[in-house]
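In this note's numbering, the protein residues as written are 315 to 606.
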């Protein structure tokens, strides 16, 4: 069975980060090996959050893994509790690549959405993600994170995309953004969760996959409900596990987008408060279905 090291925070409440990724990766028949970057009472959308950093322990954590000779097939990186953690993560990646040249590194640069950095995120987090991007085989930023990493104007990109009525015009916008991202990372890029409307005025979500500079593929799903915390973590977990099991990036992205849409729809039908994320636990069986 493949092993995936998942480097992310652990939030006690809110269905996000490691608490959602561990069961999802396991359900896809990949061993999930969690690495906490911080321990939070809940995700940061809640008003009061107790947080404990892990940076003072992360070096010993990785050192013990190294001494035991643990080798991983994949590494998924998400939220950094502290920007001082990124050199230790970088060294861990280098060590794993030396032990297993085929290791797949996935970076989900969790730091912003809707045009703004998350609480307690700073320019140093952008710099840290830029550094880690150099070692990634796949990066999955949302539109805000993609703009921050490339120093593009988020509002300008969003407004331009809204004005574009055809994929050819949207492709020109994304070609510019993705080309800048490909200069940052040697790997593929998926810009996730872009809101748009189709010709009938129906809301949908667009994911843009670019495996090489100049190559774009659009993956669309109907918008099944409100945006919810943890959906990015859910998406990256599915993508990572699928890639380790040999699924190509296009099919992995398709599966992840389908399952996230299903989980959002299910949560809306249950009237689950948005802040609680998505109820996915009773849907895990669908991950092995052909359409997910």
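Note that beta-carbon positions come from the ideal geometry of N, C-alpha and C, so glycine has one too.
The secondary-structure analysis by DSSP pairs residue 524 across a beta bridge with 503.
Going by DSSP, residue 532 is part of the beta strand (DSSP E) stretching over 531 to 536. For residue 602 against residue 318, the beta-carbon gap comes to about 17 Å, at or over 8 Å, which does not count as contact. Counting along the chain, the unbroken alpha helix (DSSP H) around residue 574 starts and ends at 563 to 583. For the beta strand (DSSP E) assignment, the uninterrupted runs of no fewer than 3 residues enclosed by the region 381 to 417 are, from N- to C-terminal side, 388 to 391.
For residue 517, the three-state secondary structure derived from DSSP is strand. Under DSSP, the beta-bridge partners assigned to residue 348 are 320.
Counting other Cβ atoms within 10 Å of its Cβ, residue 374 stays below 16 and is therefore classed as exposed. Apart from the 5 residues on each side of it in sequence, residue 580 sits with its Cβ closer than 7 Å to the Cβ of 593, 597 in its chain, given in chain order. Residue 359: not part of any alpha helix (DSSP H); DSSP gives it neither H nor E.
Rounded to the nearest whole angstrom, the C-alpha separation of residue 418 and residue 559 is 11 Å. DSSP places residue 540 in the coil class of the three-state scheme, outside both helix and strand.
The residue from 341, 351, 428 with its alpha-carbon nearest to that of residue 473 is 428.
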